[in-house]
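Sequential numbering of the sequence shown, starting at 12, is according to the working numbering.
Don't be surprised by glycine CBs; every beta carbon is placed ideally from N, CA and C.
Quantities reported herein were computed from a predicted structural model and do not represent experimental measurements.
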Amino acid sequence: MYLLGLGTAPFLDPPEGFHAAIAQGLRASGDWTTLRLDGVRYFDKPPLLYWLLGLSFGMFGPTEAAARVWPALAAIGTAGVTGWIGTMLGGARVGLLAALLTAANIGMFVLGREVKPDLLFIFFIVLAFAGFVVAYRGGGRWGLALAYASLGVAALAKDFLGAVAPLGVVVAFLWITRERPYAAWAPWWGVLALIAIALPWYAAVELHSRGFLWYTVVDNHVLNFARQRVFPDEDVPLGSLQFLGVTLAAFLPWVLAAPWAIARALRPPWPNAEARLWGLLALWVVLVLGFFTLSPFKLPHYGVPAFPALALLLARVWDESIEALPGSLPPRTLLAPITVLFALVAAGLVLGSQGHLSMPAGALESVDVSARNLAARGQVAAASPRPVYAPVMLKSGLVFAVAAVAMAVATARRLPAAGIGVALAAMIAFLPMAAEGMAIFARSRSARPIVAELSRRLGPADVVVHEGPLEGSASLLLTVPRRVHIVDGLHSNLAFGATFPDARDVFWTPSRLREAWMAPGRVFLVSTVEPSRSLARTLQPAHLLVTGGGRWLYVNHVGGPRDGPPHPQTLGGVPAKP
12 MYLLGLGTAP
22 FLDPPEGFHA
32 AIAQGLRASG
42 DWTTLRLDGV
52 RYFDKPPLLY
62 WLLGLSFGMF
72 GPTEAAARVW
82 PALAAIGTAG
92 VTGWIGTMLG
102 GARVGLLAAL
112 LTAANIGMFV
122 LGREVKPDLL
132 FIFFIVLAFA
142 GFVVAYRGGG
152 RWGLALAYAS
162 LGVAALAKDF
172 LGAVAPLGVV
182 VAFLWITRER
192 PYAAWAPWWG
202 VLALIAIALP
212 WYAAVELHSR
222 GFLWYTVVDN
232 HVLNFARQRV
242 FPDEDVPLGS
252 LQFLGVTLAA
262 FLPWVLAAPW
272 AIARALRPPW
282 PNAEARLWGL
292 LALWVVLVLG
302 FFTLSPFKLP
312 HYGVPAFPAL
322 ALLLARVWDE
332 SIEALPGSLP
342 PRTLLAPITV
352 LFALVAAGLV
362 LGSQGHLSMP
372 AGALESVDVS
382 ARNLAARGQV
392 AAASPRPVYA
402 PVMLKSGLVF
412 AVAAVAMAVA
422 TARRLPAAGI
432 GVALAAMIAF
442 LPMAAEGMAI
452 FARSRSARPI
462 VAELSRRLGP
472 ADVVVHEGPL
482 EGSASLLLTV
492 PRRVHIVDGL
502 HSNLAFGATF
512 PDARDVFWTP
522 SRLREAWMAP
532 GRVFLVSTVE
542 PSRSLARTLQ
552 PAHLLVTGGG
562 RWLYVNHVGG
572 PRDGPPHPQT
582 LGGVPAKP
């Protein structure tokens with residue numbers, strides 16, 4: 012399910028092309044320590060994803076499938092480790108259900124098909140918790156070794172502070188259970204293993220790029236939390252209610268029983284190690300979601316690290332209901348909400364496919380960071396028309412309609428085992444259809460039309476300039492074999508890297524662009540800014556060659572040796588003259 016059709020959709024810019032281009036640059040430069048994009052030092056994420064991408068690109072080239080395979084494998088691994096924890100705490104059925112619930116939700120599925128470091132990070136965090144569970148149940152100190160080593164690798168996957176956050180959850184758990192001493196769970200050799208794995212790369216980058224640690228720890232975390240960054244990027248955070256809504260929707264339908272599952276795990280007494288560990292899982296969920304709900308900065312996917320723990324808690328609730336244990340939820344309490352949800356989803360998708368129901372205002376901006384960023388500056392994100400999605404919506408609606416009928420039967424007959432089987436089958440059938448929708452969405456945002464036209468026309472001496480943060484069109488770097496200059500693009504992940512001397516010639520001022528535009532040489536401008544606001548309005552002449560995916564390609568002189576017939580278009584009321 013996660014590995015099928017990984018190369019069907021083009022890179023989604025942002026963020027996929029951005030990460031793929033960094034990895035390709037790593038291979039081209041041979042420097043596997045200092046990450047760069049377009050020659051500019053990049054410090055926002057550690058190197059693990061880019062090392063892995065570099066390996067797969069070396070074998071298969073910088074393709075979409077070669078890039079997406081790592082998040083997909085991380086998603087599968089996360090489900091597998093979650094199942095292992097469930098088996099340790101509740102038996103084989105709890106483990107199987109936990110693994111399936113972890114995998115069969117739209118939040119994990121989307122993240123598992125995007126080139127981003129988040130699922131690698133989540134995988135090693137879950138592996139660290141699995142190690143702690145082993146050690147806490149008396150399985151040997153190798154569990155702690157696994158936990159601390161996993162946290163060290165997690166620090167290379169996304170960030171160091173995030174990687175050590177699980178230790179805070181464990182400390183809170185030990186404080187609540189009044190277990191002393193804490194030092195028994197933080198052996199010197201475990202802490203040393205964490206540091207030995209994570210520290211060398213951080214130290215090497217700091218030695219080569221002074222200020223990196225300040226940027227990573229202070230600016231990118233402490234000041235970001237306070238919304239006072241010195242080098243801000245363009246990401247616009249969600250509000251607290253939006254974040255909770257997006258997170259809960261991403262874990263449907265399983266999240267419907269989450270309040271009971273969390274309360275059940277946190278309610279004492281905890282007579283044995285297994286009972287206390289269920290409390291640890293609930294604490295994991297509460298602290299992750301609580302922290303980001305209260306944090307001034309959060310993005311739609313920030314709640315996904317809580318999904319494995321939620322899956323475990325819910326698997327336990329379903330298992331108890333199947334066994335009809337004392338105090339378990341009645342089957343209809345579990346089954347009826349999912350039945351109603353599936354019926355509503357089916358109706359919404361079928362009506363939407365026929366054009367009778369529209370997406371609620373602001374829904375796209377709540378789940379899509381790029382659309383939210385564009386909306387903040389008064390621009391509408393590129394999108395495919397509804398009829399393109401209609402077949403996928405109709406098929407998905409029929410899946411949920413059939414599932415709703417089957418769930419209604421299971422509800423009437425009080426059959427929780429049949430009900431969870433139907434719900435899982437419906438989600439597993441739906442997710443490949445969601446992948447089809449994701450591919451359509453990616454094509455609507457793709458830089459391919461721009462890259463194809465630019466590649467066709469580009470000559471050896473031509474100059475390429477990008478208007479706006481380069482992460483908005485970074486996949487073009489996989490095709491364009493030269494440095495791309497950037498104008499009005501410092502509100503970006505490259506802002507700190509731009510302060511180093513080797514980036515001086517990359518970032519241009521508008522006046523420098525105008526000077527180059529008026530010179531005899533040919534200059535191409537790739538813009539992510541709509542024409543009415545673009546610098547292209549100030550450039551004469553500005554020939555609009557092609558538009559697509561929310562981007563515009565301009566050139567100052569047409570009729571070069573590699574050009575076909577010119578296609579003059581009007582730009583902001585000013586005729587473009589061939």
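For residue 558, the secondary structure class from DSSP, reduced to helix, strand or coil, is strand. Between residue 411 and residue 446, the C-beta spacing is not below 9 Å.
When secondary structure is reduced to three states using DSSP, residue 48 falls in the strand class. With fewer than 16 other CB atoms across the displayed protein chains lying within 10 angstroms of its CB, residue 236 is exposed. Pairing residue 59 with residue 518, the inter-Cα distance amounts to about 27 Å. Secondary structure remark: continuous alpha helix (DSSP H) runs of at least 4 residues inside the stretch 222-308, in chain order: 251-261, 269-277, 284-305. A contact is defined here as three or more CB-CB pairs under 8 Å, and the stretch 334-345 fails this definition with respect to the stretch 283-294. One Cα belongs to residue 117, the other to residue 561, and the distance between them is close to 26 Å. Residue 192 sits exposed, since fewer than 16 C-beta atoms from the chains shown fall within 10 Å of its C-beta. Taking all protein chains in view, the Cβ of residue 504 is crowded by 16 or more other Cβ atoms within 10 Å, so the residue is classified as buried. If you keep only unbroken alpha helix (DSSP H) runs of at least 4 residues inside the stretch 87-124, you get 103-114, 117-122.
Scanning the stretch 416-503 from its first residue to its last, the whole beta strand (DSSP E) runs of 3-plus residues come out as 474-478, 496-498. Every alpha helix (DSSP H) of 4 residues or more that sits fully in the stretch 15-47 is shown, in chain order, as 27-40.
Distance from residue 439 to residue 115 at the Cβ level is roughly 6 Å; contact confirmed, criterion being Cβ atoms closer than 8 Å.
Where residue 369 is concerned, there is no enclosing alpha helix (DSSP H), because DSSP gives it neither an H nor an E. Ranked by Cα distance from residue 23, the options 336, 63, 121 are led by 121. Contact between residue 458 and residue 487 holds, since their C-beta atoms are separated by about 5 Å, short of 8 Å. Taking the Cβ atoms as the reference, residue 563 lies roughly 12 Å from residue 550, outside the contact range of under 8 Å.
Taking C-beta separations shorter than 7 Å and ignoring five residues to either side along the sequence, the partners of residue 91 in its chain run 110, following chain order. The shortest C-alpha to C-alpha distance from residue 308 to any of 246, 350, 316 is the one to 246. Here DSSP, grouped into helix, strand and coil, assigns residue 565 to strand. Here the stretch 468-476 makes contact with the stretch 531-548; the two share three or more CB pairs at distances below 8 Å.
Residue 93 and residue 516 have their C-alpha atoms roughly 48 Å apart.
In summary, residue 321 is buried, with 16 or more beta-carbon neighbours lying within 10 Å of its beta-carbon over all protein chains present. For residue 546, there is no enclosing beta strand (DSSP E), as DSSP marks it with neither H nor E. Within the DSSP secondary-structure output, residue 537 pairs in a beta bridge with 477, 564.
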